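If you're matching positions, the sequence shown starts at -5 in the working numbering and goes up one per residue.
All C-beta atoms, glycine included, are put in the ideal place defined by N, C-alpha and C.
Bear in mind the structure is a predicted one, so any value in this text is a computation, not a measurement.
Report on one structure; see the data block that follows.
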Amino acid sequence: MDTKSPASFQEKALELLLADADKIAKLIKVQMDHLTMPSCPLYEEVLDTQMFGLSREIDFAVKLGLLSRERGKEILDTLEKELSLLHEAYTNK
């Protein structure tokens, strides 16, 4: 019998979503530092694809009741702010 509580599933979902958000931020930072300019279409495509994927993961977790809609929005907003700061730092080099 599985003894995991709904709270442990919620904690695990949040942990996984935050890890994915962190991976996106790191991926973009690496691209900006080593590979390409932020105005490059490839950069924009990667960012759009990764952000869309994360938003779908968050929507799924919300539908399962593992995450509140507000917390999901908070994760996306935080990531967008981080990416905006990285973009600004790069363009001000």
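Measuring C-alpha to C-alpha distances from Leu10 to each of Ile22, Lys23, Phe54 identifies Phe54 as the nearest.
Cβ contact annotation for Ser49 (same chain, cutoff 7 Å, sequence separation greater than five): Leu70, in chain order. For Leu8, the three-state secondary structure derived from DSSP is helix. Taking the Cβ atoms as the reference, Leu61 lies roughly 7 Å from Ile52, within the contact range of under 8 Å.
The alpha-carbon separation between Leu36 and Thr43 amounts to approximately 10 Å. Our two residues, Arg63 and Ser78, have alpha carbons roughly 22 Å apart in a direct line. Bounds of the alpha helix (DSSP H) holding Gly66 are 63 to 85.
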